[in-house]
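A.B. asks:
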Amino acid sequence: MELEAIQSFRPLYAMLASAIGVLLIGLSWEKPNLREFWTILAAVIKFGLVVSMIPFVLAGGVYECSLFTVVPGLDIAFRVDALGMVFAIIASLLWIVTSFYSIGYMRACNEKNQTRYFMCFAITMTATIGVAFSANMFTLFLCYEAITLATFPLVGHKMTAVARRGARIYMVYLLGTSLAFQLFAIFLTYNAAGTLDFAQGGILTGTGSTALLTIIFILFMAGITKAGMMPFHNWLPAAMVAPTPVSALLHAVAVVKAGVFTVLRVVFHIFGPGLLDSLGISFFAAYFICFTIVMASVIALTKDNLKARLAYSTVSQLAYIVLGAVMLSPSSMLAAIIHIANHAFSKITLFFCAGHIYAVTHKTKISELGGIGKKMPWTMVAFFIASLSMIGVPPVAGFVTKWYLAVGTVEAENPIILIVILVSTMLNAAYFLPISYKAFFGKESPEDAGSQQGSGHHKVRELPMMTIPLVFTAIVSVFIGIYPDFFISLAQEVLRP
Amino acid sequence: MIEIILGKYNYWIYIALMMIGFYAMIAKENLVKKILGMNIFQTGVILLYVSISKVSGGTVPIIWDKGGPYDNPLPHVLMLTAIVVSVSTTAVALALIVRIYKSYGTIEDDQIVVINSHDGDKEIPSEKASTII
Amino acid sequence: MSFGPTTFISAAGSTPVLVIVIPLLAAMLAPIVSRIHRSVGWYLATTATFIAFLLSLSLLYTVIDGGTVSYRMGSWAPPMGIEYVVSYFNGFVLAVIAFISFIITLYGKKSVEQEIPEQKIPFFYSAYLLFIAGIMGIVITGDIFNLYVFVEITALSGYALIAMGKDRKALMASYNYLILGTIGATFLVLGIGYLYIATGTLNMNDLMQRLPEIYDSTTVITAFAFIMVGLCLKLALFPLHIWLPNVYTYSPSIVSALMAATSTKVMAFVLLRIMFTVFTPEFVLEVVPVTKILIVMSCVAIIMGSLIALGQTNIKRMLAYSSIGQIGYITLGAAIATETAMTGSLIHILNHALMKGMLFMVVGAVVYKTGIVNIKDMEGLGKRMPWTMAAFTIGAMSMIGFPFTVGFISKWYLATGAIGAGMWYLVPVLLVSSIMTAFYFWRVVESVYFKGRSARIDTLKSPHHSDEAPFGMVVTTLFLAGLCIYFGLWASGPVEVAKNAAAFLLGS
Amino acid sequence: MIELLDILLLLFLVICAVAAISMRDLLSSTIVLGSYSLFMAVVWTRLNAVDVAFTEASVGAGITTMLMLAALSRTKRFEFLYRKKGQQEDPNKETNPLLKNWKRKRFSVTKVSGLIVVLLTGAILIYGTMDMPDFGDPNSPSYTHVATMYIERGQPEVNVPNLVTAVLASYRGYDTLGETIVIFTAGIGVILMLRKRKKT
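Protein chains in written order, with our numbering: chain A, 1 to 497; chain B, 1 to 133; chain C, 1 to 508; chain D, 1 to 200.
(1) Using the rule of at least 16 other Cβ atoms within 10 Å of the residue's Cβ for burial, across every protein chain shown, is P11/A buried or exposed?
(2) Consult DSSP for D51/D and reduce its assignment to one of helix, strand or coil.
(3) Exposed or buried, what is G142/C when buried is set at 16 or more other beta-carbons lying within 10 Å of its beta-carbon?
(4) Specify whether the segment 304 to 321 of chain C and the segment 487 to 494 of chain C touch according to this definition: at least 3 beta carbon pairs, one from each stretch, less than 8 angstroms apart.
(5) Starting from the Cα of G44/B, find the closest Cα among Q155/D, V14/D, R153/D, L168/D and give me that residue.
(6) Using beta-carbon positions only, say whether I375/C and V366/C come within less than 8 angstroms of one another.
(7) Below 7 angstroms between beta carbons is the criterion; list the residues of the segment 147 to 161 of chain C that meet it against any residue of chain D, in chain order.
(8) Closer than 8 angstroms, CB to CB, is P161/D near chain C or not?
(9) Whole angstroms is fine: what's the gap from S10/C's alpha carbon to I82/C's?
(10) Would you identify the three-state DSSP class for C16/D, choosing helix, strand or coil?
(11) State yes or no: is the beta carbon of K120/C nearer than 8 angstroms to at least one beta carbon in chain B?
(12) Sort L142/A, S436/A, Y13/A by Cα distance to W412/C and report the nearest one.
(13) Should M73/C be flagged as near chain B, meaning a C-beta pair shorter than 8 angstroms?
(14) Counting only runs that start and end within the segment 44 to 80 of chain C, where is the beta strand (DSSP E) found for 3 or more residues in a row?
(15) Helix, strand or coil, according to DSSP, for Q200/A in the structure here?
(16) Mind pulling the chain C residues with CB within less than 7 angstroms of T361/A?
(17) If we count the other Cβ atoms within 10 Å of its Cβ and call it buried at 16 or more, is M426/A buried or exposed?
(18) What first and last residue would you give for the alpha helix (DSSP H) that runs through G128/D?
(19) Could one say the Cβ of A129/B lies closer than 8 angstroms to chain D's Cβ atoms, at least one of them?
(20) Is it the case that the Cβ atoms of F224/C and F279/C are separated by a distance below 8 angstroms?
(21) Tell me, please, whether the CB atom of V444/C is closer than 8 angstroms to any CB atom in chain A?
(22) Is the segment 377 to 390 of chain C in contact with the segment 290 to 306 of chain C, if contact means three or more CB pairs nearer than 8 angstroms?
(23) Mapping the DSSP letters down to three states, classify V71/A as helix, strand or coil.
(24) Hey, out of L359/C, F89/C, G158/C, whose CA is closest to S263/C's CA?
(25) List the DSSP bridge partners of F509/C.
(26) In chain order, what residues of the same chain lie with their CB nearer than 7 angstroms to the CB of V420/A, ignoring the 5 residues before and after it?
(27) Rank L154/A, L236/A, G176/A by C-alpha distance to the C-alpha of P243/A and give the top, closest one.
(28) Let's see if you can read the secondary structure: which residues bound the beta strand (DSSP E) around A260/C?
(29) When the cut-off is 8 angstroms and only beta carbons count, does A225/C lie next to chain D?
(30) Can you list the residues of chain C that L142/A reaches, using a CB-CB cut of under 9 angstroms?
(31) Within a Cβ cutoff of 7 angstroms, which residues of the same chain sit near G230/C, ignoring the five residues on either side of it in sequence?
(32) Considering only their Cβ atoms, is the gap separating A354/A from A109/A smaller than 8 angstroms?
(33) In chain order, what residues of the segment 35 to 69 of chain D put their CB closer than 8 angstroms to some CB of chain B?
(34) Give me the chain B residues within the contact set of K169/C, using Cβ-Cβ distance strictly less than 8 angstroms, ordered along the chain.
(35) Please list the partners that V45/B has in chain C, where partner means a Cβ-to-Cβ separation under 7 angstroms.
(36) What are the residues in the segment 132 to 151 of chain D lying within 7 angstroms of chain B by C-beta distance?
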């Protein structure tokens with residue numbers, strides 16, 4: 001069925017909102033309050049613009065915006081469809097929340113170079129929306145690389161030797177693989193198909209030999225490192241040297257989701273499920289991804305650093321999305337799309353909690369968290385809810401994904417993957433539940449107890465600027481677990497044949 | 001065989017001259033010797049061109065009453081240019097050698113390499129920078 | 001405005017010769033008029049290059065509208081007289097060269113005043129203009145011996161310009177370049193002699209028509225071999241590059257920029273021109289397997305250039321090795337010899353001139369302000385020279401080939417051209433080289449922005465002087481940086497011209 | 001057919017060339033090179049290239065030798081040669097302390113690889129000469145194409161009896177302009193390099 005398309009500059013405006021924000025933030029570097037106001041204003045306007053496009057997209061329409069042609073075959077063009085909308089709405093909504101949280105975090109930790117931080121953040125969000133709304137692989141690649149560039153200063157924000165090393169690993173992985181493999185895949189795709197425009201059902205059908213198409217697929221999979229697939233996942237733990245809001249929004253939502261989103265684009269709109277099915281590589285890929293799911297969970301178990309554990313959990317959860325996509329059964333693809341949303345809200349909550357704990361107590365290790373639940377009740381309750389989502393306990397969001405994924409394995413008649421999902425669920429529980437247990441029932445370490453009784457100066461207190469965002473995202477996680485209809489209807493729009 | 005050798009005699013000589021000059025240019029260490037070689041190298045090429053211009057029984061390409069076959073004038077013209085280029089290059093090269101001798105105290109390539117290796121990679125002296133300090 | 005083709009030929013008039021004569025006249029005037037005031041030389045050079053740029057632009061438009069322009073020197077018809085030919089192909093290169101030289105001249109005032117002793121400045125500008133006139137002559141001439149004369153003019157002025165570097169190593173760099181350059185030029189003239197023996201003509205068009213009958217003659221093949229080797233020496237194709245790193249490293253900043261942006265590119269242009277318009281695509285593809293050799297050589301150049309650049313500590317030397325790699329891109333596109341790949345090769349002449357010229361200008365500004373050439377000392381420069389370093393970052397991204405910079409356009413055409421020609425195995429070479437490029441450039445960017453100040457920079461701290469380079473230097477550098485992005489996003493114009501030029505070269 | 005005198009002259013050129021590059025005394029080398037140029041001029045007169053002979057005698061033998069002598073007077077007279085033990089010390093008397101313990105090797109990589117490159121080049125040149133028309137062949141393309149045009153039309157069109165002058169000044173006058181510029185460039189180059197700094 002042809003989609004109804006209208007020409008509109010609205011997707012461009014959504015990007016411009018944050019791009020202009022970058023300028024205003026930069027210009028008001030001397031006035032922190034004004035600067036932060038611009039950030040939030042840009043975030044709100046951007047979200048408003050994205051939301052305004054929902055009804056039409058839900059009704060099966062598409063916004064198109066063709067900017068210009070770089071050279072024949074390479075167009076800068078934007079297109080808002082249901083898949084892009086899923087990603088855009090999450091990213092832009094969470095930017096607002098993260099902005100508040102960032103302000104609290106950056107001020108509580110007295111970080112330097114805050115203007116550069118907020119500017120790069122806004123650039124990243126511009127590029128992220130660009131990824132979501134790209135109409136062809138070239139525009140997507142452009143925005144994809146722009147994200148890498150703009151997040152580099154954020155990862156290396158502290159400018160210490162450790163931060164530089166982390167940022168360098170980040171850059172080497174993301175840039176190296178995208179230049180080596182993804183770009184190669186794009187060259188081959190263009191040569192085979194003669195176009196890079198995304199189209200329903202793919203553009204590569206009937207264009208080349210099975211071997212060539214398989215190579216293109218493998219190159220894409222190896223090149224989209226932002227999706228965190230093993231063996232190219234190391235950048236994600238390395239990027240945890242960044243300030244926590246960066247880890248929260250970028251390494252749980254924007255950057256990694258840009259990666260899995262690109263995978264979904266490739267699967268749905270470059271290859272098309274039909275072609276992939278006939279190539280017969282999807283199950284091979286699925287087993288490969290299962291390895292990532294289990295391995296990442298096992299590694300997460302061994303990590304004592306809270307952010308590192310969350311990072312490996314992200315690797316594992318991202319693999320669910322990719323797994324759902326390559327299994328190619330209707331329910332699993334649906335699960336893949338809605339898990340973008342479900343994982344985003346839950347994981348950002350977890351990172352917010354980790355950052356909040358660090359900002360208030362300067363603790364980064366799980367073993368030091370004994371008894372913290374009593375001092376930071378809101379935070380740790382939110383953490384617990386989000387962990388349940390990660391594990392897949394009803395009624396929190398993660399359950400919906402796991403349900404559809406399990407149904408998908410049944411549809412695909414593949415019990416092995418079902419077993420993998422069950423095993424990984426147990427592993428999820430094994431590395432998340434002890435944290436909450438320790439927080440609420442664990443003993444405080446002696447020196448903490450001592451300082452608690454001392455002068456009230458050191459008293460641990462939750463900061464509202466940081467607590468409110470994380471409570472909000474936890475509530476949303478529960479809400480979309482109970483009422484998943486919105487994202488499911490968008491996902492069905494994507495999958496409509 | 002003898003016909004080939006004698007028929008292109010001039011060409012063989014030019015090749016020999018070129019090889020001698022070329023060898024001096026790349027294998028001699030003395031900078032002046034290289035320039036000597038360069039001169040021989042270039043006259044070799046000039047010999048080639050002038051040999052092209054010769055026609056059996058031809059005379060100097062100046063039109064007189066005789067009217068017999070004239071030699072080809074074009075290579076002569078080209079070689080006038082080439083000689084000038086050659087001497088110009090020599091002049092520039094020798095000026096460089098004088099400068100090199102002033103700053104290194106030697107005109108042997110391999111000795112200069114040794115001296116340079118002790119030089120290290122110094123910063124470019126900047127007058128402005130020193131005034132700021 | 002619209003001109004018919006005929007009016008335009010006459011409108012073009014003597015533009016082809018003026019393009020060269022104006023810098024030449026300025027070169028002759030420079031030592032004389034500079035007695036009035038020391039900065040007159042610069043004004044003269046800027047004006048001359050600007051006029052040359054305008055003229056070359058008008059020529060390019062003439063060619064686009066009305067086809068190839070031919071100008072007969074002294075109105076003697078070729079092949080007896082010397083002919084100037086401006087086609088799509090060299091009109092494009094001419095405009096690029098003229099533009100870059102204009103920008104670099106505009107940039108160079110302060111840098112020259114600092115690096116060249118005052119009483120030498122008038123002669124410096126004279127040699128500088130002769131260099132520019134020489135390269136323009138190389139591009140525009142249609143007579144193969146005249147080409148040699150211009151090659152020598154360029155080379156001689158080049159030797160003098162390089163020797164003006166402050167380090168004494170500049171002298172040796174210049175001398176080695178002189179020896180190798182003379183070998184290259186003499187090989188060229190030798191090849192020309194062989195061609196003349198075989199055909200009896202020196203005009204390039206005439207040669208193209210007379211050569212095909214005798215393609216299998218050993219004389220022609222030898223001529224071709226000598227011309228190729230001579231040119232490859234001049235354009236520094238690995239492993240004939242040994243003169244280049246020292247030349248770029250020790251020359252005065254403005255000379256490094258000018259030479260990096262123009263001279264090797266022009267020699268690459270001559271290589272293409274001789275391969276495809278004196279000889280024909282059939283010759284280089286079928287009679288002699290030269291394209292196969294050139295593909296291997298180019299790949300080696302691309303990889304080795306990048307590899308050696310990785311290990312450099314001096315930034316000018318790093319850029320020089322990077323140039324050696326980038327030259328490989330140009331020859332690679334030519335060697336693949338399909339229209340797309342050739343477009344990539346030609347567009348890379350423009351793109352690399354922009355990027356590398358700009359990067360050397362940035363280094364020039366840093367040297368001007370601080371005297372720093374070691375990458376290690378550049379730490380923390382990002383805060384002190386923000387605009388200059390922003391330009392550097394853009395240049396670095398362009399060299400790596402990010403998709404909104406000119407570097408990507410070149411790579412796009414080269415890679416799709418290679419795949420289209422069935423040589424997909426060349427793509428990894430390009431990609432590996434861009435990753436290596438990313439390594440050695442990002443190392444600099446990172447230390448500039450994400451490290452505290454080096455001890456060297458701290459000593460330069462002064463409240464009285466602005467930290468940024470002078471206005472003229474910054475503006476021209478940023479202008480080129482802007483163009484790197486502009487032509488990376490709106491590349492249709494230059495690509496269209498390059499495509500036509502490629503079609504012209506391949507004779508289709 | 002070539003005469004014995006020519007053969008001897010050409011052989012003598014080769015001998016001069018070898019002598020010039022192998023002499024240790026650079027001054028002698030320069031003088032030998034000067035005589036080489038003079039013999040070259042004779043060869044060119046034998047080949048009917050009188051204009052080239054003039055130029056070679058004045059520029060090649062004259063100016064080049066003068067330039068060489070000028071340069072030698074400002075640098076060193078002797079080439080530094082490889083020394084076996086017991087041979088006399090360096091005539092230039094090295095003073096640079098860095099070079100105190102330095103010895104030149106008998107065979108360096110540049111020498112050997114240089115020889116190989118030179119032999120290779122010679123081989124290619126000989127290969128290329130195989131298909132060339134014989135020396136003095138009136139049917140060679142170089143004589144029948146453009147050259148014939150010059151010979152036939154030069155006199156009536158330019159009205160100068162000397163065809164070399166006609167081509168030089170008229171048909172290819174632009175090359176001559178280039179030639180002048182080359183000299184100018186060299187002049188500028190030499191001034192740039194050798195001009196002394198003002199003492200301030």
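C-beta atoms are modelled at their ideal positions from N, C-alpha and C, and glycine is treated no differently.
C.D. replies: With the given structure in hand:
(1) Here residue 11/A corresponds to residue number 11 of the first sequence, with the count starting at 1. That one is buried.
(2) Sequence index remark: in the fourth sequence, residue 51/D carries index 51 (1-based). Three-state result, D51/D: helix.
(3) Mapped onto the third sequence, residue 142/C falls at position 142. Of the residues assessed, G142/C falls on the buried side of the cut-off, its CB having 16 or more other CB atoms within 10 angstroms.
(4) no
(5) Locating residue 44/B in the second sequence gives position 44, where the first residue counts as 1. With distances taken between Cα atoms, G44/B lies closest to V14/D.
(6) Residue numbering aside, residue 375/C sits at position 375 when the third sequence is read from its first letter. Residue numbering aside, residue 366/C sits at position 366 when the third sequence is read from its first letter. In this structure, V366/C does not lie closer than 8 angstroms to I375/C by Cβ.
(7) V149, F150, E152, I153, L156, S157, Y159, A160
(8) In the fourth sequence, residue 161/D corresponds to position 161, counting from 1. Chain C contact via Cβ: absent.
(9) Locating residue 10/C in the third sequence gives position 10, where the first residue counts as 1. Locating residue 82/C in the third sequence gives position 82, where the first residue counts as 1. In this prediction, S10/C has a pLDDT of 43, which is less than 50 and means its spatial position is unreliable; nothing more can be read from the coordinates.
(10) One-based indexing of the fourth sequence puts residue 16/D at position 16. If DSSP states are grouped into helix, strand and coil, C16/D belongs with the helices.
(11) For the purposes of this step, residue 120/C is identified with residue 120 of the third sequence, where counting begins at 1. Not an interface residue.
(12) One-based indexing of the third sequence puts residue 412/C at position 412. Of the candidates L142/A, S436/A, Y13/A, the one whose C-alpha sits nearest the C-alpha of W412/C is L142/A.
(13) Along the third sequence, read from residue 1 onward, the residue named residue 73/C stands at position 73. Not an interface residue.
(14) With a minimum length of 3 residues, the continuous beta strand (DSSP E) runs that stay inside the segment 44 to 80 of chain C are 69 to 72.
(15) Reading the first sequence from its first residue, position 200 is the one you call residue 200/A. Note: Q200/A maps to coil in three-state DSSP.
(16) Residue numbering aside, residue 361/A sits at position 361 when the first sequence is read from its first letter. Within 7 angstroms Cβ-Cβ: nothing; T361/A doesn't reach chain C, min ~28 angstroms.
(17) For the purposes of this step, residue 426/A is taken as residue 426 along the first sequence, with counting starting at 1. M426/A comes out exposed.
(18) One-based indexing of the fourth sequence puts residue 128/D at position 128. Its alpha helix (DSSP H) spans residues 109 to 129.
(19) Counting from 1 along the second sequence, the entry for residue 129/B is found at position 129. For A129/B, the predicted model reports a pLDDT of 39, less than 50, meaning its position is unreliable; a value from the coordinates is still stated below. No, A129/B lies away from the interface with chain D (no Cβ there is under 8 angstroms from its Cβ).
(20) Taking the first residue of the third sequence as position 1, residue 224/C is located at position 224. Taking the first residue of the third sequence as position 1, residue 279/C is located at position 279. Yes; because the gap between Cβ atoms is below 8 angstroms, this pair is in contact.
(21) In the third sequence, counting from the first residue as 1, residue 444/C sits at position 444. It does not: the Cβ of V444/C has no partner Cβ on chain A nearer than 8 angstroms.
(22) no
(23) What you label residue 71/A is simply residue 71 of the first sequence in a count that begins at 1. V71/A falls in the strand class under three-state DSSP.
(24) As a first step, residue 263/C is located in the third sequence; it is residue number 263 there, counting from the start. When only C-alpha atoms are compared, the closest one is G158/C.
(25) There is no way to answer for residue 509/C, as the model of chain C reaches only from 1 to 508.
(26) Walking along the first sequence from the start, residue 420/A turns up at place 420. Once the five neighbours on either side are set aside, the close Cβ partners of V420/A are C290, I293, V294.
(27) Translated into positions along the first sequence, residue 243/A becomes position 243. For the residues L154/A, L236/A, G176/A, the minimum Cα distance to P243/A belongs to L154/A.
(28) Indexing the third sequence from 1 puts residue 260/C at position 260. Unbroken run through A260/C: none, as it is neither H nor E.
(29) Working through the third sequence from its first residue, we reach residue 225/C at position 225. Yes, A225/C counts as interfacial toward chain D.
(30) Position 142 of the first sequence, counted from the first residue, corresponds to residue 142/A. Going along chain C in sequence order, the residues near L142/A (Cβ under 9 angstroms) are F402, P403, F404, F408.
(31) In the third sequence, residue 230/C corresponds to position 230, counting from 1. Once the five neighbours on either side are set aside, the close Cβ partners of G230/C are G184, A185, F187, L188, G191.
(32) For the purposes of this step, residue 109/A is identified with residue 109 of the first sequence, where counting begins at 1. For the purposes of this step, residue 354/A is identified with residue 354 of the first sequence, where counting begins at 1. A quick correction: the sequence has Cys, not Ala, at residue 109/A. Not closer than 8 angstroms, so no.
(33) Y36, S37, M40, V43, W44, L47, N48, A49, V50, D51, V52, T55, E56, V59, G60, I63, T64, L67, M68
(34) Within the third sequence, residue 169/C is the residue found at index 169, counting from 1. Simply N116, D119.
(35) For the purposes of this step, residue 45/B is identified with residue 45 of the second sequence, where counting begins at 1. In chain order: T186, V189, L190, G193.
(36) M132, D134, F135, G136, P138, S142, Y143, V146, A147, Y150, I151
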